[in-house]
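Under the numbering used here, the letters of the sequence shown match residues 172 to 677, in that order. By construction, the Cβ of each residue, glycine as well, lies at the ideal position given by its N, Cα and C atoms. All values reported here derive from a predicted model rather than from experimental measurement. Working notes for the structure below.
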Amino acid sequence: MTTSIPHTLIIGAGIGGLTAGARLLQAGHRVTVLEAHVYPGGCAGTFYHKKYRFEAGATLAGGFAPGGPHARVAEMLGLTWPIHPVDPAWVVHLPNGRTVTQWTDPQQWQAERQAAFPGTEPFWQTLETLADISWDVSARPFPWPPESLHDIYTLARALRPKTLRALPYLRRTVGSLAPNNDPLFRAFLDAQLLISAQTTSQHANALYGSAALDLPRRGVNHVRGGIGALAETLVHWIRQNGGEVLFRQQVTHIEMKNGRAHAVRTNKGLRQEADYILANLTPWALRALLGEHAPHALAREVRQREATWGAFTLYLGVDAAKLPPTPAGHHQIIRDATRPLGEGNSVFVSMSDPNDPSRAPAGHRALTLSTHTAVAPWWQLRTSDKAAYEARRAAYTERLLSAAEVALPGLRSATDLVLSGTPVTFAFFTRRPSGMVGGFPQESILRARGPSTGIENLWLVGDSIFPGQSTAGVTLGGLRVANLVLHLTQRRKGGNFFPPGLRAFA
Ligand SMILES: Cc1cc2nc3c(=O)[nH]c(=O)nc-3n(C[C@H](O)[C@H](O)[C@H](O)COP(=O)(O)OP(=O)(O)OC[C@H]3O[C@@H](n4cnc5c(N)ncnc54)[C@H](O)[C@@H]3O)c2cc1C
172 MTTSIPHTLI
182 IGAGIGGLTA
192 GARLLQAGHR
202 VTVLEAHVYP
212 GGCAGTFYHK
222 KYRFEAGATL
232 AGGFAPGGPH
242 ARVAEMLGLT
252 WPIHPVDPAW
262 VVHLPNGRTV
272 TQWTDPQQWQ
282 AERQAAFPGT
292 EPFWQTLETL
302 ADISWDVSAR
312 PFPWPPESLH
322 DIYTLARALR
332 PKTLRALPYL
342 RRTVGSLAPN
352 NDPLFRAFLD
362 AQLLISAQTT
372 SQHANALYGS
382 AALDLPRRGV
392 NHVRGGIGAL
402 AETLVHWIRQ
412 NGGEVLFRQQ
422 VTHIEMKNGR
432 AHAVRTNKGL
442 RQEADYILAN
452 LTPWALRALL
462 GEHAPHALAR
472 EVRQREATWG
482 AFTLYLGVDA
492 AKLPPTPAGH
502 HQIIRDATRP
512 LGEGNSVFVS
522 MSDPNDPSRA
532 PAGHRALTLS
542 THTAVAPWWQ
552 LRTSDKAAYE
562 ARRAAYTERL
572 LSAAEVALPG
582 LRSATDLVLS
592 GTPVTFAFFT
602 RRPSGMVGGF
612 PQESILRARG
622 PSTGIENLWL
632 VGDSIFPGQS
642 TAGVTLGGLR
652 VANLVLHLTQ
662 RRKGGNFFPP
672 GLRAFA
């Protein structure tokens, strides 16, 4: 590059990419973010339709409590998030008609779980101890999985004596710690883990799962204007501080030179060179942008990995006066504990804050309903039988509405507007291949995917890298990659983060 200020280019304005970009900008990099869509946030975006602002995917905003990932970013950048906490976090509706309220208040939650699932208290106590360790570790730079000696050095510095108490649980699953005599309890755990770890208790790693199940206790928030306002806040900060965020610029190629990622080209004819490139993408998408230059390991990875989950979503415009009163803005409904979850058998319902006039016309509320779904059947029907694809869309719409009516009786008659989203819709709006969302199932901490791509100045950010999905998770991943880039920049300048004696780690 011609100037001595390093230029970092970010492909995609998801929360992971924007967070990494903001951190690098603050540290003195020139930063350009290229976003294919007309607004930021990707899976955690908010879109406008007929006077409603609908949350496209993510609706639960966690990680804002002191020490949490978003709180750290706010402190680091000096910005304020447009949020306010809610309690209860959400209500789970079990198939036998019982409800379990996920209180944020620790005493209320303890009383609730003891009443709902007698005899499980020792399990919850273990889980909370593990969660405290996981959250404590994640409050410091924690480059997991380590990909360099510098990462190992940073990890060693992040460990505390109490961290060692987690070691026996490294290979355990949540299911191996949980009592197994109540199918409803298992269904309860599985439904929570599916939305937070992309897998169920039998497979979810205990350390990861403990932090995921602890989300309500860590605090859940409403975001004013919808969850997309988080990404908008970051875009605003980046622009105000001299960075660039360009919309309607879909990167179509990454150019290589001397084994390094050298420049990108977009569908609008823009070409930008950079010193470092961060791809806020899945490995599948990155592989496509690299074409014949994709390293063998990346090409093999995308050939061998199983498809991850997709989502089926409904966006409802609803007459608020016709909805029953409910203490919570979020509900999770499990229809049948004997059948696999997802595919409409477990549904998450989120309602806009009634006190947020920006989300819906007066007297109305914007709702997002979602369920996990396998992506392949949608694409098969879409290409082979369009009518069957539409029939499946209609059947899933029915399933989600009837599940939601368990929590909100009368919902159908209160609904003025219905939009639906399949994996095909998600592929179009988030550019994620096959509409695969949510990252990889968190089954093994030891086999977690890191940010490396096999190209020395190109990394992944976003929910494909550890710690995976959620706005809080991709924020941690984004900070990790930003630190990594800063370390390399420092090294190029001849500096060294290591104290004398440990310089060999550089
Ligand atoms: C239905 C659903 C519900 C969810 N619920 C929650 C929840 O309640 N709470 C929570 O915290 N998380 C939730 N998540 C997960 C969360 O939304 C994601 O893990 C997170 O937002 C992913 O962020 P990311 O950084 O990986 O970027 P993404 O969201 O994947 O965004 C990537 C961005 O890159 C852009 N892009 C892609 N390709 C290109 C290209 N070639 N050129 C330019 N731009 C490109 C896209 O347009 C997009 O804006 C949910 C996800 C879904 C799908």
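Cβ neighbour criterion (16 or more within 10 Å) applied to residue i
i, result
"D556", "exposed"
"P686", "There is no way to answer for residue 686, as the model of the chain reaches only from 172 to 677."
"N267", "exposed"
"R603", "buried"
"M607", "buried"
"G649", "buried"
"L320", "exposed"
"E246", "exposed"
"A375", "buried"
"R662", "exposed"
"L356", "Correcting the residue type first, residue 356 is Phe in the shown sequence and not Leu. So F356 ends up on the buried side."
"N654", "buried"
"R342", "exposed"
"Q551", "exposed"
"N451", "buried"
"R651", "buried"
"I425", "buried"
"R474", "exposed"
For residue i, the three-state DSSP class (helix, strand or coil)
i, result
"P256", "strand"
"I366", "helix"
"L629", "strand"
"Y136", "Residue 136 is absent from the model: the chain starts at 172 and stops at 677."
"N392", "strand"
"F597", "helix"
"F218", "strand"
"F418", "coil"
"G233", "strand"
"K664", "coil"
"K428", "strand"
"L180", "strand"
"Q640", "coil"
"D490", "strand"
"S702", "Absent from the model: residue 702. The displayed extent of the chain is 172 to 677, so no value can be given."
"V204", "strand"
"S175", "coil"
"D524", "coil"
"L617", "coil"
"A533", "coil"
"V608", "coil"
"A242", "helix"
"D587", "strand"
"G397", "coil"
"G592", "strand"
"S623", "strand"
"A198", "coil"
"L449", "strand"
"T344", "strand"
"T423", "strand"
"L250", "coil"
"N352", "coil"
Opposing strand residues paired with residue i [DSSP bridges]
i, result
"A482", "H543"
"N516", "In the DSSP output, where bridge partners are listed per residue, N516 has none listed."
"Q411", "DSSP, once it has assigned bridges, lists no residue as partnering Q411."
"E444", "A434"
"H264", "T270, I504"
8 Å contact criterion, which residue i and residue j should meet: CB distance rounded
i, j, result
"E318", "S623", "5 Å"
"G500", "A537", "Not really, about 11 Å apart at Cβ, beyond 8 Å."
"A377", "L348", "6 Å"
"L631", "L579", "Not confirmed; about 39 Å, so no contact."
"R442", "A434", "6 Å"
"A400", "V394", "5 Å"
"T437", "L180", "Not really, about 11 Å apart at Cβ, beyond 8 Å."
"G380", "L365", "Not confirmed; about 11 Å, so no contact."
"P339", "T325", "So it is not a contact: roughly 24 Å between Cβ atoms."
"A679", "S541", "Nothing about residue 679 can be reported from this structure: the residues present for the chain run from 172 to 677 only."
beta-carbon residue i near ligand 3 non-hydrogen atom, thresh 6 Å
i, result
"Q640", "This structure lacks ligand 3; its bound ligands are ligand 1."
Q: Check whether the segment 514–525 touches the segment 585–599, taking contact to mean three or more Cβ pairs, one atom from each stretch, closer than 8 Å.
A: Pairwise C-beta distances place the segment 514–525 out of contact with the segment 585–599, as fewer than three of them are shorter than 8 Å.
Q. Should the segment 503–510 be regarded as contacting the segment 527–537, the criterion being three or more beta carbon pairs within less than 8 Å?
A. no
Q. Is there contact here, the segment 418–427 with the segment 252–271, by at least three beta-carbon pairs under 8 Å?
A. Fewer than three beta-carbon pairs drawn from the segment 418–427 and the segment 252–271 are found closer than 8 Å, and the two stretches are therefore not classed as touching.
Q) Touching or not, the segment 230–243 and the segment 386–396, by the rule of three or more beta carbon pairs under 8 Å? A) Cβ pair count under 8 Å is three or more, so yes.
Q: Please determine if the segment 455–473 and the segment 215–230 are in contact, where contact requires at least 3 C-beta pairs separated by less than 8 Å.
A: no
Q: May I ask you to verify whether the segment 209–228 touches the segment 236–244, counting CB pairs closer than 8 Å and requiring at least 3?
A: No, because fewer than three Cβ pairs between the segment 209–228 and the segment 236–244 fall closer than 8 Å, the two stretches do not touch.
Q: Would you be able to state if there are at least three C-beta pairs under 8 Å between the segment 636–645 and the segment 180–191?
A: Cβ pair count under 8 Å is three or more, so yes.
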